[in-house]
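Below: the structure, in structure tokens.
In my numbering, the protein residues as written are 55 to 382.
Now the structure itself:
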């Protein structure tokens, strides 16, 4: 499962220390999978992890912080009294193992097979990724609940290897103006700037050099904004940030349509058009990459994270007091 290092303008744990969290995520995933797999094979899954009724997510659910509230309050006081308050990246050693070593929630259904278990495990992992992509120990954003049901977001996280880093609709400041982009996928060897172009099943998008393209759906058609406009702008932003930070890393531009077709007799230079006809080959190529995390990959990610927009609320001692009281 790929790692969600940035979601729109939400505060991300990864932007605090990109050289620490990707490796920690891989370790946590392996450890948690082994735990749940062992419990399943021994017949103790429900005993160890429980079963709850599925419910509609009205607000992003945050795991209980009760075990660490006293710790955080103490560290906040220490920070006020010390000339050199501790940085967040150094706090991991103070976090109780139960808080960071396990991300497993109770299951909404009982898995009958190992494949069922994998699906439920990935759903748990998806929620955990949203937590890391919208909060740190000291800061918190409120992600829109629709991201919990975003099929495209789930696709990019659940279908690619652990060593892929995903920025999903990140917002960059260009000449002090916020610019929302589409999807940036950073593999250990290259960067993919992806414009997701999908409509009705088997519809056909007609390429044009003009401002709008047509989507043909049977005998009807509708106009859409030319996806190359946003794709080229996204690639220019990424390339500029790489140059500013001395990052030498290949960049590819892709228009991706998994469930339909793109009618483009002559593909523009430097653009890949991926549709239903060549999607399987492209997807297999990316998934087969077995390279571990690379330093230049993390450096590239840091260059993008450091120049993306972030909005969050600071966790204060008063808020910790309120949360502590609410749990009593």
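For each residue, glycine too, the CB sits at the ideal point set by N, CA and C.
Three-state secondary structure assigned by DSSP to residue i
{"i": "residue 187", "result": "coil"}
{"i": "residue 232", "result": "strand"}
{"i": "residue 306", "result": "strand"}
{"i": "residue 334", "result": "helix"}
{"i": "residue 218", "result": "coil"}
{"i": "residue 243", "result": "coil"}
{"i": "residue 267", "result": "strand"}
{"i": "residue 276", "result": "strand"}
{"i": "residue 298", "result": "helix"}
{"i": "residue 55", "result": "coil"}
{"i": "residue 72", "result": "coil"}
{"i": "residue 194", "result": "strand"}
{"i": "residue 176", "result": "helix"}
{"i": "residue 343", "result": "coil"}
{"i": "residue 227", "result": "strand"}
{"i": "residue 171", "result": "helix"}
Anticipated Cβ contact below 8 Å, residue i with residue j, distance rounded
{"i": "residue 310", "j": "residue 248", "result": "5 Å"}
{"i": "residue 339", "j": "residue 242", "result": "That pair is no contact at about 14 Å."}
{"i": "residue 216", "j": "residue 80", "result": "5 Å"}
Beta-carbon proximity check, residue i vs residue j, cutoff 9 Å
{"i": "residue 69", "j": "residue 334", "result": "no"}
{"i": "residue 22", "j": "residue 324", "result": "Residue 22 falls outside the range modelled here, since the chain spans only 55 to 382, and no answer is possible."}
{"i": "residue 365", "j": "residue 63", "result": "yes"}
{"i": "residue 206", "j": "residue 61", "result": "no"}
{"i": "residue 235", "j": "residue 251", "result": "no"}
{"i": "residue 203", "j": "residue 184", "result": "no"}
{"i": "residue 191", "j": "residue 58", "result": "no"}
{"i": "residue 100", "j": "residue 90", "result": "no"}
{"i": "residue 245", "j": "residue 337", "result": "no"}
{"i": "residue 354", "j": "residue 214", "result": "no"}
{"i": "residue 319", "j": "residue 282", "result": "no"}
{"i": "residue 163", "j": "residue 179", "result": "no"}
{"i": "residue 219", "j": "residue 76", "result": "yes"}
{"i": "residue 261", "j": "residue 170", "result": "no"}
Backbone CA spacing between residue i and residue j [nearest angstrom]
{"i": "residue 104", "j": "residue 94", "result": "12 Å"}
{"i": "residue 228", "j": "residue 341", "result": "33 Å"}
{"i": "residue 329", "j": "residue 288", "result": "20 Å"}
{"i": "residue 232", "j": "residue 280", "result": "20 Å"}
{"i": "residue 286", "j": "residue 240", "result": "17 Å"}
{"i": "residue 182", "j": "residue 208", "result": "12 Å"}
{"i": "residue 270", "j": "residue 292", "result": "32 Å"}
{"i": "residue 383", "j": "residue 277", "result": "A question about residue 383 goes unanswered here, because the residues of the chain that appear run from 55 up to 382."}
{"i": "residue 257", "j": "residue 272", "result": "7 Å"}
{"i": "residue 73", "j": "residue 86", "result": "21 Å"}
{"i": "residue 82", "j": "residue 300", "result": "31 Å"}
{"i": "residue 84", "j": "residue 78", "result": "10 Å"}
Extent of the continuous beta strand (DSSP E) run through residue i
{"i": "residue 62", "result": "Residue 62 -> no beta strand (DSSP E), and no H or E assigned at all."}
{"i": "residue 317", "result": "315–317"}
{"i": "residue 90", "result": "Taken as a continuous stretch (DSSP letters only), residue 90 belongs to no beta strand (DSSP E), being part of the alpha helix (DSSP H) at 75–95."}
{"i": "residue 260", "result": "258–260"}
{"i": "residue 326", "result": "325–328"}
Bounding residues of the alpha helix (DSSP H) (the contiguous stretch that carries residue i)
{"i": "residue 205", "result": "205–212"}
{"i": "residue 353", "result": "349–359"}
{"i": "residue 100", "result": "99–103"}
Check: residue i C-beta below 8 Å from any heavy atom of the ligand NAP
{"i": "residue 235", "result": "No copy of the ligand NAP occurs in the structure displayed, which carries no ligand at all."}
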